[in-house]
Amino acid sequence: MPITVAALRETAAGERRVAITPEMAKKLRGKGLRVLLERGAGAAAGFPDTVYADADFASAGEVLAQADLLACVLPPEDAVFAQLREGALVVGQLRPYGAPSRIAALAAHKLTAFALELLPRTTRAQAMDVLSSQAAVAGYRAMLIAAEAAPKFFPMLTTAAGTIRPSKVLVIGAGVAGLQAIATARRLGAQTEGYDVRPETREQVESLGAKFLDLGVSAAGSGGYARELSAEERAAQQQALAEHLKAFDVVVSTAAVPGRAAPKILTAAMIEGMKPGALVVDLAAESGGNCELTRPGERLEHGGVTILGPLNLPAGAPLHASEMYARNVVNFAELLLKDGALAPDFDDELVAKSCLARGGEAMFKG
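First residue of the sequence shown: 438, per our numbering; consecutive thereafter.
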């Protein structure tokens with residue numbers, strides 16, 4: 438019997454993505470694997486069942502009973518794991534940090550699970566890096582949200598009623614999300630600057646046509662992330678940034694590190710120093726926010742400044758986000774297959790370091 442790769446309809450609130458797209462179903466079928474989806478699994482992402490020429494469909498219970506590998510976008514309810522066969526594999530964004538009950542449930546049912554958020558940030562892992570692919574979607578959408586919510590036009594306009602000056606936009610954090618936000622702001626015609634404590638990002642920011650805001654604080658870290666600032670560095674950063682913020686119409690903050698609370702970069706006092714009508718879009722809201730006033734999932738005003746804390750932005754562009762995510766999943770799944778059988782190579786660091794649970798044993802203690 439061929440290996441069955443399966444996916445369910447996502448059940449998290451507001452989630453519209455799907456873990457297996459028609460394109461990836463065709464690729465998996467070409468490798469001799471069977472693809473089994475819950476009915477309607479891709480409908481919210483723009484993929485009705487009729488466009489899956491290379492997949493079979495069944496009820497959720499039937500899918501789980503037959504799955505050898507279950508792919509997911511976000512972790513399902515722990516009860517779902519009890520319906521999988523012993524020895525089955527689970528692959529997806531399993532949100533391992535602060536989730537001991539989920540990891541225990543996986544181990545208790547003797548499942549082998551891989552959290553793609555834990556993949557090392559290496560060149561070989563780029564094709565399966567879900568953090569990067571979904572951050573690109575989030576950065577793009579964050580700037581569109583900013584453009585819609587801002588009380589000003591982004592581009593300069595010359596009209597019979599006079600010339601409209603372009604908005605001044607600052608993007609804090611020049612990772613994948615930040616760079617995509619910068620690129621989108623530039624496409625929309627805003628006067629754009631980017632800031633990051635990692636000095637190596639200057640070239641990337643400037644390559645997009647934006648100005649790099651240098652506050653004199655450098656904190657290059659490991660794994661592509663910034664290290665935590667000392668108290669002295671944080672004070673210097675905030676003092677310098679507070680003065681610059683007065684000139685910006687829009688600030689989009691994207692600084693985040695998986696498994697840790699987002700760094701607090703924007704204080705209430707800094708927000709109070711911004712011009713009336715200014716806007717902050719805090720892309721780090723899910724991990725606590727870069728602004729100390731951010732309320733995840735809410736919109737608030739403070740001293741004439743609007744602060745937005747949007748959640749799960751990739752779900753707002755589900756078709757392309759799903760296409761990118763599904764490619765990541767399939768590229769990773771290829772590491773788990775050998776001669777048409779599931780045989781994860783735990784000597785491979787990409788496999789070993791992303792493993793949450795293995796055959797009854799919890800592997801991740803974070």
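Heads up, the beta-carbon is just placed ideally off N, CA and C, and yes, glycines get one too. Fair warning: this is a prediction, and the values are worked out from it, not measured in the lab.
Query raised in the report: Which stretch, first to last residue, makes up the beta strand (DSSP E) that contains S690?
Result: It spans V687 to S690 - the beta strand (DSSP E) in which S690 sits, taken as one unbroken run.
Query raised in the report: Using a Cβ-Cβ cut-off of 8 Å (strictly less than) and excluding sequence neighbours within five positions of A519, which residues of its own chain qualify?
Result: Correct list, in chain order: A542 and H546.
Query raised in the report: Looking only at DSSP bridge pairs, what is H739 linked to?
Result: According to DSSP, which records beta bridges pairwise, H739 is partnered with V742.
Query raised in the report: Got a sec? Which residues, its chain only, sit under 7 Å from P557 by beta carbon, not counting five neighbours each side?
Result: Result list for P557: E786, L787 and K790, in chain order.
Query raised in the report: Relative to the C-alpha of R564, which residue among K605, F769, G576 and S759 is closest?
Result: It should be noted that the sequence gives Ala, not Arg, for residue 564. Distances from the CA of A564 to each of K605, F769, G576 and S759 were compared; the closest alpha carbon is that of F769.
Query - Beta carbon of A647 nearer than 8 Å to that of G631 - result: In contact: A647 and G631 (Cβ atoms closer than 8 Å).
**Report entry** Within 8 Å, strictly: CB atoms of A508 and G529
**Finding:** Contact check for A508 against G529 passes: the beta carbons are separated by less than 8 Å.
Query raised in the report: In the DSSP assignment, what residue or residues form a beta bridge with T629?
Result: T629 is bridged to V606.
Query raised in the report: For the putative contact between L652 and I619, defined by C-beta atoms under 8 Å, what is the C-beta separation to the nearest angstrom?
Result: Contact between L652 and I619 is ruled out by a C-beta separation of about 17 Å, above the 8 Å threshold.
Query raised in the report: How would you call G469, buried or exposed, if buried means at least 16 neighbouring beta carbons within 10 angstroms?
Result: Of the residues assessed, G469 falls on the exposed side of the cut-off, its CB having fewer than 16 other CB atoms within 10 angstroms.
Requested in this report: Would you check if the distance between the CB atom of A614 and the CB atom of A550 is smaller than 8 Å?
Outcome: For A614 and A550, no; Cβs fall outside 8 Å.
Query raised in the report: Helix, strand or coil for R558 per DSSP?
Result: R558 carries a coil assignment under DSSP once its states are collapsed to helix, strand and coil.
Query raised in the report: Does the Cβ-Cβ distance between T441 and L473 come in under 8 Å?
Result: Closer than 8 Å, so yes.
Report task. Just mark M461 as buried or exposed, buried being the case when its beta carbon has 16 or more other beta carbons within 10 Å. Result -> Taking every protein chain shown into account, the CB of M461 has 16 or more other CB atoms within 10 angstroms, so this residue is buried.
**Report entry** Beta-bridge partners of E798, as assigned by DSSP
**Finding:** Looking at the DSSP output, E798 shares a beta bridge with R795.
Query raised in the report: Between the segment 677–695 and the segment 703–720, are three or more C-beta pairs nearer than 8 Å?
Result: Because the criterion of three Cβ pairs below 8 Å is met, the segment 677–695 and the segment 703–720 touch.
Requested in this report: Would you mind listing the alpha helix (DSSP H) stretches within the segment 528–554 that are 4+ residues and don't spill past its ends, in chain order?
Outcome: Listed in chain order, they are 537–545.
Report task. Would you please state the rounded distance, in angstroms, between the beta carbons of I540 and L793? I believe it to be under 8 Å. Result -> Right, their Cβ atoms sit about 5 Å apart.
**Report entry** Other residues of its chain near G451: CB distance less than 8 Å, five sequence neighbours each side excluded
**Finding:** Only L748, N749 and A752 meet the Cβ criterion.
Query raised in the report: Which residues in the same chain have their Cβ closer than 6 Å to the Cβ of L745, if we skip the five residues on either side of it in sequence?
Result: So the qualifying residues of the chain are V718 and R736.
**Report entry** Pick from Q675, I457 and A597 that is closest to I708, judged by C-alpha positions
**Finding:** Here the closest residue by C-alpha is Q675.
Query raised in the report: When the distance is taken between beta carbons, is A579 closer than 8 Å to L720?
Result: Yes, these two residues count as a Cβ contact at 8 Å.
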